[in-house]
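*Asks:* Residue numbers (the working numbering), protein chains in the order written: chain X, 152 to 369; chain A, 4 to 320.
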């Protein structure tokens, strides 16, 4: 293990050195700015700050002591070993990390775990179990709403929340009239699911699964 | 991401005072833009002040007709509020045209106003950017400029403002209410809130250091028909190439503001006066003096056609 981490470090250092050299050769202005930055105390990596937080994850109280930088996603995956929630882009563009917090879907990659003290978090593991699937999980299986499956936990959490949001009357970009309750329609579901990307392109099957659970014909 | 210390503020004044005590600190609410930038170390605050506990999450009527929107009201809740849907349709539409449902569930009213540009050169830390590292140069000028500004830009920066919501706020003449570290409060008219890049593109608004937005006030409803038409590369979940916010009255008069064309939401009072004379005259005034590149010259006719389609729809029953 020690040897491995040494290798990782030296590889990373090599990459950093390489990048800096390439930058200074190509863009003198940036090199100057970088050099100035490196000399200032601001640029030095300060030691991590630890903080305590308590989450309720899938109905269970979980106490954690975390580096303040830990995203909710990393807290779930790396600290609570709930690896159902996936890390795709880690910047809020793909939706693979979607979980439901206090009844609302969010990108867990763009949220700090310490900001969720006391919050109720539902992950894919909390929706159903292999023995007793959530209806949305069962519908994804039935309609083959995936190929590789990597985006699926996020898709399913998002789909469950989508139907909830329509039921609550929250409008969307495609709602024709803002002053009436939005329809449960294929168009509404497509728009509302746009924050979940599927690189395999299983969209039509995903849509079939959600429309079935929603009780409409695709 | 650089390590940081963290505190939860209990009142707006306490938050503003904490910001003054911790130079370089940032307020955090939804975090959907700040954390993204912190991961890339474009932002590296040594201290975060969590403002989510400040109880600024209400939408209340104000005297004289209007709404006070708390800084922490989530984009989802603002767009879903029945009063906003009925009286400020342009705002609800703009919010719903932005981001994804997941992001709108976290993103706040104040945070949305303070979004940073999505200029790819701002995000690429290997390249110079005057907004990221003042004085380092602008990589966008002479670079790939399809999504960049066509009005109001400078030799230092041609980035655009990414917010849809802010375009509607600009159209509605919203007021930005703040508290400063010494506890004093003020209202900044949104017309005075954003800055053009000039020689200091890293300074994007007129907030002072540590000044905290507490709410945004919408003046009394304008009536008329409300439109927010956003043109983008895909049907959902993409930033605007251009967007047109408009309120059109039955007699054809109205207001118009643009997104995707400038460093800030773009509104020209004289263009409102031209609205009765049609889209061509209005856009000639809005985009007077536009400076385009071969890659973004398309935005001028696109704005005209988008406004044209809005005016056609405004005439429908």
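No residue lacks a Cβ here, since even glycine has one placed at the ideal position from N, Cα and C. Here the structure is a predicted model, which means the values were calculated and not measured.
Along the chain, where does the alpha helix (DSSP H) that runs through residue 342 of chain X open and close?
*Replies:* 337-343
*Asks:* Buried or exposed: which applies to residue 293 of chain X, given that a residue is buried once 16 or more other Cβ atoms fall within 10 Å of its Cβ?
*Replies:* exposed
*Asks:* Can you say whether residue 218 of chain A is buried or exposed, counting buried as having 16 or more other CB atoms within 10 angstroms of its CB?
*Replies:* buried
*Asks:* Counting only beta-carbon separations shorter than 8 Å, does residue 361 of chain X have a partner in chain A?
*Replies:* no
*Asks:* Does the Cβ of residue 348 of chain X have 16 or more other Cβ atoms within 10 Å, making it buried, or fewer, making it exposed?
*Replies:* buried
*Asks:* Less than 8 Å separating the beta-carbons of residue 162 of chain A and residue 222 of chain A?
*Replies:* no
*Asks:* Would you call the segment 303-316 of chain X and the segment 98-108 of chain A in contact, with 3 or more CB pairs under 8 Å?
*Replies:* yes
*Asks:* Quick check: the Cα distance between residue 165 of chain A and residue 97 of chain A, rounded to an integer number of angstroms?
*Replies:* Approximately 12 Å, taken between the alpha carbons.
*Asks:* State yes or no: is the C-beta of residue 194 of chain A within less than 8 Å of the C-beta of residue 94 of chain A?
*Replies:* no
*Asks:* Residue 100 of chain A touches chain B at which residues, Cβ-Cβ below 9 Å?
*Replies:* No chain B appears in the structure shown, which is made up of the protein chains X and A.
*Asks:* Just the chain A side, please: which residues come within less than 8 Å of residue 317 of chain X by C-beta, in chain order?
*Replies:* Neighbours of residue 317 of chain X on chain A: none; closest Cβ ~11 Å, over 8 Å.
*Asks:* Among the candidates X:237, X:331 and X:336, whose CA atom is the shortest distance from the CA of residue 85 of chain A?
*Replies:* Considering only alpha carbons, the answer is X:331.
*Asks:* Within 8 Å, do at least three Cβ pairs link the segment 203-212 of chain X to the segment 264-277 of chain X?
*Replies:* yes
*Asks:* Using a Cβ-Cβ cut-off of less than 8 Å, list which residues of the segment 178-200 of chain A approach chain X; keep chain order.
*Replies:* none
*Asks:* Taking Cβ positions only, does residue 104 of chain A come closer than 8 Å to chain X?
*Replies:* yes
*Asks:* Nearest by alpha-carbon distance to residue 284 of chain X: which of X:265, X:299 and X:304 is it?
*Replies:* X:304
*Asks:* Assign residue 201 of chain X to one of two classes, buried (16 or more other C-beta atoms within 10 Å of its C-beta) or exposed (fewer than that).
*Replies:* exposed
*Asks:* Let me know if residue 350 of chain X comes out buried or exposed under the rule of 16 or more other beta-carbons within 10 Å of its beta-carbon.
*Replies:* Residue environment: residue 350 of chain X is assigned as exposed (fewer than 16 neighbouring CB atoms within 10 Å of its CB, all protein chains considered).
*Asks:* Beta carbon of residue 333 of chain X, beta carbon of residue 345 of chain X: below 8 Å?
*Replies:* no
*Asks:* Can you name the residues of chain A whose CB is closer than 8 Å to the CB of residue 321 of chain X?
*Replies:* Ordered by position in chain A, the residues that pass the 8 Å Cβ test against residue 321 of chain X are 79, 82 and 83.
*Asks:* Could you name the residues of chain X that residue 322 of chain A contacts, counting a contact when the two beta carbons are closer than 8 Å?
*Replies:* In the structure as shown, chain A starts at 4 and stops at 320, and residue 322 of chain A therefore has no counterpart that could be examined.
*Asks:* Tell me the DSSP secondary structure of residue 326 of chain A in three-state form.
*Replies:* Shown here, chain A extends from 4 to 320; a query on residue 326 of chain A therefore has no answer.
*Asks:* For the segment 232-246 of chain A, enumerate the residues whose C-beta is nearer than 7 Å to any C-beta of chain X, in chain order.
*Replies:* 239 and 240
*Asks:* Could you name the residues of the segment 335-369 of chain X whose beta carbon sits closer than 7 Å to any beta carbon of chain A, in the order they occur along the chain?
*Replies:* 342, 343, 345 and 346
*Asks:* By the three-class DSSP mapping on this structure, what secondary structure does residue 251 of chain X have?
*Replies:* strand
*Asks:* Looking at C-alpha atoms only, which residue of X:253, X:247, X:240 and X:260 is the closest neighbour of residue 222 of chain X?
*Replies:* X:260
*Asks:* When DSSP labels each residue in this structure, what does residue 201 of chain X get in the three-state scheme?
*Replies:* strand
*Asks:* Using the Cα positions of residue 145 of chain A and residue 213 of chain A, report the straight-line distance between them to the nearest angstrom.
*Replies:* 35 Å
*Asks:* Consider the Cβ of residue 246 of chain X: report whether some Cβ of chain A lies at a distance smaller than 8 Å.
*Replies:* yes
*Asks:* Can you confirm whether residue 165 of chain A, when its beta carbon is compared against all beta carbons of chain X, has any partner nearer than 8 Å?
*Replies:* no
*Asks:* What is the rounded straight-line gap between the Cα of residue 295 of chain X and the Cα of residue 288 of chain X?
*Replies:* 10 Å
*Asks:* Output, in chain order, the set of chain X residues within a Cβ distance shorter than 7 Å of residue 112 of chain A.
*Replies:* Per Cβ cutoff of 7 Å: no residues; residue 112 of chain A is ~16 Å from chain X at best.
*Asks:* Is residue 254 of chain A buried or exposed, if buried means 16 or more other CB atoms sit within 10 Å of its CB?
*Replies:* Around the beta carbon of residue 254 of chain A, fewer than 16 other beta carbons lie within 10 angstroms, which makes this residue exposed.
*Asks:* Please report the straight-line C-alpha distance between residue 76 of chain A and residue 245 of chain A, rounded to a whole angstrom.
*Replies:* Taken atom to atom, the span from the alpha-carbon of residue 76 of chain A to that of residue 245 of chain A is near 26 Å.
*Asks:* For residue 147 of chain A, does the count of other Cβ atoms within 10 angstroms reach 16, so buried, or fall short, so exposed?
*Replies:* Residue burial is scored here from C-beta neighbours: residue 147 of chain A has fewer than 16 other C-beta atoms within 10 angstroms and is therefore classed as exposed.
*Asks:* Given this structure, state the Cα-to-Cα distance separating residue 123 of chain A from residue 319 of chain X, to the nearest angstrom.
*Replies:* 37 Å
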